[in-house]
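Residue numbers (the numbering used here): 1 to 379. For every residue, glycine included, the Cβ atom is placed at its ideal position computed from N, Cα and C. Everything numeric in this text was worked out from a predicted model, so none of it was measured. Working notes, beginning with the structure itself.
Written as structure tokens, this is what we have:
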């Protein structure tokens, strides 16, 4: 049982601390520079939308105001069976060159993107969510990375803001800061493993159609790596979105994303071949597979610790630390429900939330469940 406890605890430490440190050291030893330079190719911005009447107008206006030659920007909105005023709002921008494609019946975001890409005129495809507001210089910052012929996919910097000060919102914001730092390190090593999907770009020539159940902002970057190109992070291409305010909303979103990511890992399992993909296979295993299995090691570490707690004071201290951590997460959840959030509890709360959500997704994955449709992200 001592072996069970220590091995599980070491895996958890490796996932969140050991792996980033290993990437840091490896990237310093053999840094891989992106040969970026200002370029102005024709681009197509794709916006998949389902019932986004509250956000779609501001999002389109934002894209029309980007600091980039407007004659080189094409904007396509794919309405995925929307039954509110989304289509009507998009139609008001027709005289400014915005195209509306209606997908009927509703088939989900991935199918919507598959439908639109063959109709896109741009050399580079930009993926925006229906509520994504870009910094004015974001597009130019993304595109300069494509001056490097080895780069096939670029992801920007997602910044979650939390004006209401909720515990889950604070946790989400801190988690994204951690992820963005890790993406910066992974870029220096070669390719990043995960992207956000709200501010991404890909060479149209590298786009591969995906099944409707596949997560586009996970599977597509992996397909780019599979074709021998780099996926890189651009920290100066900023996208700001409000963090989710309710734990229930964040939990549902995390379950959905984790489930689709697990299926993506299964579909793209060839990338785990260390003989073919080397460093990236290690990155994918460490950053994604182990991360989604984290709840398994958390349970084993706690259970193993309980079984050996009577053997030594050291084991009892470890058990006490774990118990306090999870109790703090539970207490933070109770305070959140009562409208009395405590920011200093956001780390144990959000860490536990995302891992429990991943565990829920893992159970659904093992049952063979898939999820195709999505609902608008609530801010």
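Proximity below 8 Å, CB of residue 203 to CB of residue 278: The Cβ-Cβ distance between residue 203 and residue 278 does not fall below 8 Å.
With a threshold of 8 Å, are at least 3 pairs of Cβ atoms found where one atom belongs to the segment 210-218 and the other to the segment 255-269? Because the criterion of three Cβ pairs below 8 Å is met, the segment 210-218 and the segment 255-269 touch.
Every unbroken beta strand (DSSP E) inside the segment 77-157 [3 residues or more]: 98-103, 124-128
From 253, 154, 320, 59, residue whose alpha carbon lies closest to that of residue 86: 59
Is residue 413 helix, strand or coil by DSSP? No information on residue 413 is available, as it lies outside the stretch 1 to 379 that the chain covers here.
Residue 348 to residue 328, Cα distance in whole Å? 7 Å
Can you tell me whether residue 74 is helix, strand or coil according to DSSP? strand
Look at the alpha carbon of residue 379 and the alpha carbon of residue 118, and state the distance between them as a whole number of angstroms. Unreliable positioning characterises residue 379 in this predicted model, as indicated by a pLDDT of 43, which lies under 50. The coordinate reading is nonetheless provided below. For residue 379 and residue 118, the distance between alpha carbons rounds to 32 Å.
Which same chain residues, not among the five before or five after residue 302, have their C-beta less than 7 Å away from its C-beta? 322
In whole angstroms, give me the CA-to-CA distance for residue 25 and residue 291. 20 Å
Spatially closest choice to residue 242 from 178, 131, 297, 285, by CA coordinates: 131
Have a look at 101, 64, 89, 90 and flag the residue whose alpha-carbon is nearest the alpha-carbon of residue 80. 101
Thinking just about the alpha-carbon of each residue, which of 96, 78, 95 is nearest to the one in residue 106? 78
Which residues in the same chain as residue 180 place their Cβ atom closer than 6 Å to its Cβ, once the five residues preceding and following it in sequence are excluded? Non-local beta-carbon contacts of residue 180 in its own chain, meaning distances under 6 Å to residues more than five positions away in sequence, involve 157 in chain order.
Buried or exposed: where does residue 369 fall if 16 or more other Cβ atoms within 10 Å of its Cβ makes it buried? exposed
With a threshold of 7 Å on Cβ separation, who are the neighbours of residue 10 within its own chain once the five nearest residues in sequence on each side are excluded? Sequence-distant partners of residue 10 (beyond 5 residues in either direction) whose C-beta falls short of 7 Å from its own C-beta are missing from its chain.
Should residue 201 and residue 124 be called a contact, given that it needs their Cβ atoms to be closer than 8 Å? yes
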